[in-house]
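**Student:**
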Amino acid sequence: MSLNQEQQRAVAARNTNILVSASAGAGKTKVLIERLMSLITQDKVEVSEILAMTFTEAAAAEMKKRLAASLSSTYEQTKDPFLKAQLANLESANISTIHGFCLRILKEYYYMIDLPKKRVNHPLDEQQASMLKTNALESVLAYAYQQPWFPSFVEVFSDRPESLGTLEASINQYANVVNAKADPQAYIKHCMDYYKPIDTIAQLPKDIQHYFFQGIELELDVLIDALTQVEFEYSDESNLVKEERYQKAKAAILARDYESYRAVLKATVQLKSPAKTKSAYYTTIAEVEDRLLQQAFSEKEYVSFHNANVEVMHHFIELTQMFLAHYEKEKQEYECIDFSDMEHYAIAILQAKGGHVANLLKQQFKTIMVDEFQDSNDVQDTLIKLIAKEDNVFRVGDIKQSIYGFRNASPEIMKGFIDTPDAKNEVIFFKYNYRSKESIVEFTNQYFKALMNIEGLSSSYESDDVVSVGRDQQKENNVPVQIHIIDKNLKKSDAWAETPNDLTTSYIANQILKIKAEKGYAFKDFAILVRGNAKMKSINEELSELGIPCFYANAEDFYKNVSITSVISFVKALVNMHDDHNFIALCTSCFYQIPANDLAKAKLEKAEDSSYATYFENDERLASFYELREHIYKQPVSKVMKSIYDINDFYMSYTTLQDKANLDLLYEIVCQKEQEEAMGIQGFLRYIEQVQNLKVPEAFPLGEGDDVVRLMTIHKSKGLEFKVVFLVSSQNKNAQSNFLATDDELGIAVDYVDAKNYQIYNDISKIAIKNKQYLNSLEEELRVLYVAITRAECEMHVVGTGNETEILDANFQNFYNTKGFIWWMRMGLHDVDASLYHIEYVDEVWTNQTQETKKMEYTQTYYDKQASEVVFASPSDSETFVQKPQPFSLQEDVGFERGSNLHRMVEVLPNTTWDDALLTQVANAEAITLHAHDMQVLQKLQNEQLYQQASSFHEVYHEFAFMVKDDQEIMHGYMDYLAIDETDVIMIDFKSDRGVDEQVLYTRYHQQIKAYQKALHILYPTKNIQTYIYAFELAKMILIK
């Protein structure tokens, strides 16, 4: 596809900030790559001078992949050494998510804000963060329980003082909102200022008043419109009086005369109108009147509710501040950071010392590119502005696809750029769609122009948003957008041969089979989109029962997938079978399925200091485990993994398609690590320990040739395209269900709780926040619908249940009163060419024939690199001591970390006297916490006569890497300390084990040291080999002969 005029402008523009507004299917990804190539090949911008930020890690990886392919292709043609250098540097290029870039800033410039290096290197996973937050909450509540105001305060959040779940959840919720702000303290102050005592509603903040009264005004508009429709369509004048009175009520609201409005409302509701029909308008009238009455408290009552909550909210905000402080203290104590810290510390670094680092980055990056700009938030936009020059930012986005409000995305940021272009800020609109058939493109233009331009919405569909098809093929074989409305009472029909579990799913299955048969599509050409995850499992099961192959990806991380955790637990049990936690997990898994009663019996019968593994050692059911354990240090890890997969037919019989893909990927990782590092079984576990908390997506089990229907949420479908799309309509309105309501502009609020009378009343601030958020959620829902419809290439089908097919006017009342996608699909069609859509009312039963399914033959095909028959072994794999299971703790690796720190100190300390001052200086430079005892331990080592002798040798190595081959065994690993002279070799292995004597150390490690001896004799066959263990805690050299 060649570039059109607007795309060429976007690629060629220089010396100005560019914002590209690229509608769905407009080719923005191609333009991003072309612009990068233009900068590199024509302007000779190095990849190290480019910062490109994406919304997801997958998008960053895809951008690198495409850029690498383009650079490689161009290099093959030109042999330009500059391009070769850029290819070499691409892997380390700053192409990442914004959080990835923030973490890079922290790792390089942590010292600018005196942030300990250890914290930067220890990002928390969700489980660890949750534990620290729990600790922080416990500290806060312990303080709160001692305060005289707490008993009455806690009654607002719970009717039982011992049940604080709502309060804890609210504190966490508010803390998350605070942390999403560029200036958290300013937002907290803003929230505090919004809660002050008042005498009248007019004394409330103006924006609280606005959204409170706007909500009433909108309800009255819906009410008046329904009354008008009744009079017009049914010649019913009995409601004329009510309509006139509600007009007066609306006038009072517009004048901010609340008591006059309330008097008119209460008097008018009493006028009962005869329900002459079963029209939905009569239902709407009754529903709206009921909602207005529920909130028709007097102004005096609203004022009292608000004033009663002033002290409550001030205490709540103070407790949240304490929680944030205690949580920060917990993170400092455990030397770690969480997700939000990455952004806030990055901004702090950029602002520190007169913006020194920001200026460095401004000089480094000649261009900054931001993808999916519509999903930026306040913190991210602030960060970009801190490192940008006045004319070097290239942003790409589409406001109509901003659907991540729950992640604090703010489309208003992009709208602000569009609305205020200037000499240094150019906006380019992409005018062509290269994805969808012309009927879908034109329907999208006309339909969303009608809905997004409804008066009262902040959304818009301007002339610049209107697109045309970019290819002639898009004008061929067009099908109108199909709107299928299934009679919701059809399930009660006696005509069904077999009543479907779900009408919508059954009907979609029917249509998929029909379209497939008529038009020759494959199953893989179809996608079913749903609003949320709740229905996916049931849809998948029903389609599978009909023989329609279907796949949906669950949201688990790779290392949290149950098949992966099962295999890792198996490996841990093999290495240390006396760890009861892993061994019991293995016994109860599908590998062995040992009944709980047998484990209970073992607990009663085994010796108190004996492990379960010892008790079951002669149990035939576990014979394969004990047999495999005999070979784990004599086989490549890849071969061990194969053996695990085969046990009890685990791989073939107990795993899903997704599980198999994950296990294949794990095997591939093992083979690659073996090839790169000659990794042994202990090395594998160390690697897993390092990566298991990373957010790694699950392997995608489907390739281009897999003929299955794709089932996914609309959010997951963003950026994808499918030939035929079915959208499942949801009937549910969005509603804020949290006890605490939060908003960037309006602050926070809770309901007023009358604890004495066990009544809950709406606080006026919470009503205002809910009114605003309901409108915002509806507008985002409209953008979600836009994303769904623009996924389709050839056919778009919207399916839902209902009883009405009439076309609704595109007005605010109908928009506000929405009942789901099917309701919206009936709106605005008056403004759409009739040839572009078709409404099908389904009121007759159908029959679905179960398909003859080809069972998916999934053979156990592992990664194609054949594992070597040579055995890879590491001396450290020979460690034989038993590690008893310990409870989970963030400090569970302290012993290992201390040992590593002592090793590092020995490595970097100069060959001078190791006094306290020098040790402190070196430890600080290495971000190592060194205690007085540790200093003494190191000083004793330097005074050791053998160590002084070895230090005088001609060659001295720390962390000496080696790999030697002995027959069919390859030995590999690292020796802590190696000194080589003309005739002698001294090897010292440092051990920091505590509470052990010389004999225990010998028992634990002599096999490891023997392996080192073997390797050294191969490397230095003519020299005298001496090997020692140096025990830090014993201050003693132990000769291993």
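Quick note on our numbering: the sequence shown kicks off at 560 and runs consecutively. No residue lacks a Cβ here, since even glycine has one placed at the ideal position from N, Cα and C.
Would residue 882 and residue 736 be called neighbours here (beta carbons separated by less than 8 Å)?
**Tutor:** It is not a contact, given that the beta carbons lie outside the stated cut-off.
**Student:** Applying the criterion that 16 or more other CB atoms from any shown protein chain within 10 Å of the CB defines a buried residue, is residue 944 buried or exposed?
**Tutor:** So residue 944 ends up on the exposed side.
**Student:** With which residues is residue 1043 paired in a DSSP beta bridge?
**Tutor:** Residue 1043 pairs with 1358 and 1399.
**Student:** Do residue 958 and residue 983 have their beta-carbon atoms positioned less than 8 Å apart in this structure?
**Tutor:** No.
**Student:** To the nearest angstrom, how far is the alpha carbon of residue 1245 from that of residue 1131?
**Tutor:** So the alpha carbons of these two residues sit roughly 11 Å apart.
**Student:** Distance check for residue 1497 and residue 1556, CA to CA, integer angstroms please.
**Tutor:** Roughly 19 Å between the two C-alpha positions.
**Student:** Let me check understanding here. Comparing Cα to Cα, which of 1085, 827 and 956 lies closest to residue 802?
**Tutor:** Ranking 1085, 827 and 956 by Cα distance to residue 802 puts 827 first.
**Student:** Please determine if the region 950-968 and the region 1335-1347 are in contact, where contact requires at least 3 C-beta pairs separated by less than 8 Å.
**Tutor:** As far as the Cβ criterion goes, the region 950-968 touches the region 1335-1347, which means the pair count is three or higher.
**Student:** Please report how far the alpha carbon of residue 1105 lies from the alpha carbon of residue 1407, in whole angstroms.
**Tutor:** Each residue's Cα considered, the two are about 8 Å apart.
**Student:** Between which two residues does the alpha helix (DSSP H) containing residue 752 stretch?
**Tutor:** It spans 743-752 - the alpha helix (DSSP H) in which residue 752 sits, taken as one unbroken run.
**Student:** Could you please give the first and the last residue of the uninterrupted alpha helix (DSSP H) stretch that includes residue 1284?
**Tutor:** Per DSSP, residue 1284 belongs to no alpha helix (DSSP H); it is in the beta strand (DSSP E), 1281-1287.
**Student:** Provide the residue span of the alpha helix (DSSP H) that contains residue 1205, from first to last.
**Tutor:** Taken as a continuous stretch (DSSP letters only), the alpha helix (DSSP H) holding residue 1205 covers 1196-1205.
**Student:** Around the C-beta of residue 956, are 16 or more other C-beta atoms found within 10 angstroms, so that it is buried, or is it exposed?
**Tutor:** Residue 956 comes out buried.
**Student:** Which residues does DSSP pair with residue 1086 in a beta bridge?
**Tutor:** Paired residues: 1269 and 1284.
**Student:** Would you kindly work out how many angstroms separate the C-alpha atoms of residue 662 and residue 679, rounded to a whole number?
**Tutor:** Their backbone Cα atoms lie some 8 Å apart in a straight line.
**Student:** Please state if the CB of residue 582 and the CB of residue 992 are separated by a distance shorter than 8 Å.
**Tutor:** For residue 992 and residue 582, yes; Cβs fall inside 8 Å.
**Student:** What does the alpha-carbon distance come out to for the pair residue 1068 and residue 1360?
**Tutor:** Computed Cα separation, rounded: 15 Å.
**Student:** Rounding to the nearest angstrom, what Cα-Cα distance links residue 742 and residue 1265 in this structure?
**Tutor:** Their Cα atoms are separated by approximately 49 Å.
**Student:** Give a yes or no on whether the C-beta atoms belonging to residue 811 and residue 823 are separated by under 8 Å.
**Tutor:** The answer is yes: Cβ separation under 8 Å.
**Student:** What are the partner residues of residue 955, as DSSP defines its beta bridges?
**Tutor:** In DSSP, residue 955 forms a bridge with 579.
**Student:** Touch check for the region 1035-1045 and the region 1349-1365: three-plus C-beta pairs under 8 Å?
**Tutor:** Touching, yes.
**Student:** With H, G and I counted as helix, E and B as strand and the rest as coil, what does DSSP make of residue 1469?
**Tutor:** Coil at residue 1469, not helix or strand.
**Student:** Taking the C-alpha atoms as reference points, what is the distance between residue 787 and residue 800?
**Tutor:** Rounded to the nearest angstrom, the two C-alpha atoms are 11 Å apart.
**Student:** For residue 1111 and residue 1103, what's the separation of their Cα atoms in angstroms?
**Tutor:** Roughly 12 Å separates the two Cα atoms.
**Student:** Can you find the residues in the same chain that come closer than 7 Å, C-beta to C-beta, to residue 1586, ignoring five residues on each side of it along the sequence?
**Tutor:** Excluding sequence neighbours, residue 1586 sits near 1546, 1568, 1571, 1572 and 1599.
**Student:** By Cβ distance below 8 Å, which residues in the same chain neighbour residue 914 in space, the five residues on each side in sequence not counted?
**Tutor:** Only 945 meet the Cβ criterion.
**Student:** Buried or exposed: residue 765, going by 16 or more other Cβ atoms within 10 Å of its Cβ?
**Tutor:** Label assigned to residue 765: exposed.
**Student:** Sort 637, 1583, 996 and 1354 by Cα distance to residue 1537 and report the nearest one.
**Tutor:** Residue 1583 is the option with its Cα nearest to residue 1537.
**Student:** Among 618, 897, 572 and 1208, whose alpha-carbon lies nearest the alpha-carbon of residue 1277?
**Tutor:** Closest option to residue 1277, Cα to Cα, is 618.
**Student:** Let me know the secondary structure DSSP gives residue 763 once reduced to three states.
**Tutor:** Looking at residue 763 - three-state DSSP - the assignment turns out to be coil, as it is neither helix nor strand.
**Student:** Where are the beta strand (DSSP E) runs, 3 residues long or more, that stay fully inside the region 1005-1037, in chain order?
**Tutor:** Runs of the beta strand (DSSP E) inside the region 1005-1037: none found.
**Student:** With DSSP as the reference, label residue 1353 as helix, strand or coil.
**Tutor:** Of the three classes helix, strand and coil, the one that applies to residue 1353 here is strand, per DSSP.
**Student:** Put residue 1306 into one of helix, strand or coil per three-state DSSP.
**Tutor:** Strand, per DSSP.
**Student:** Skipping 5 residues on each side, what residues in its chain have a beta carbon closer than 6 Å to that of residue 1514?
**Tutor:** So the qualifying residues of the chain are 1539.
**Student:** If you scan the region 957-982 from start to end, which runs of the alpha helix (DSSP H) of 4 or more residues do you find wholly inside it?
**Tutor:** Complete alpha helix (DSSP H) runs here, min 4: 970-978.
**Student:** How would you write the range of the beta strand (DSSP E) that residue 606 sits in, first residue to last?
**Tutor:** No beta strand (DSSP E) contains residue 606, which DSSP labels as neither H nor E.
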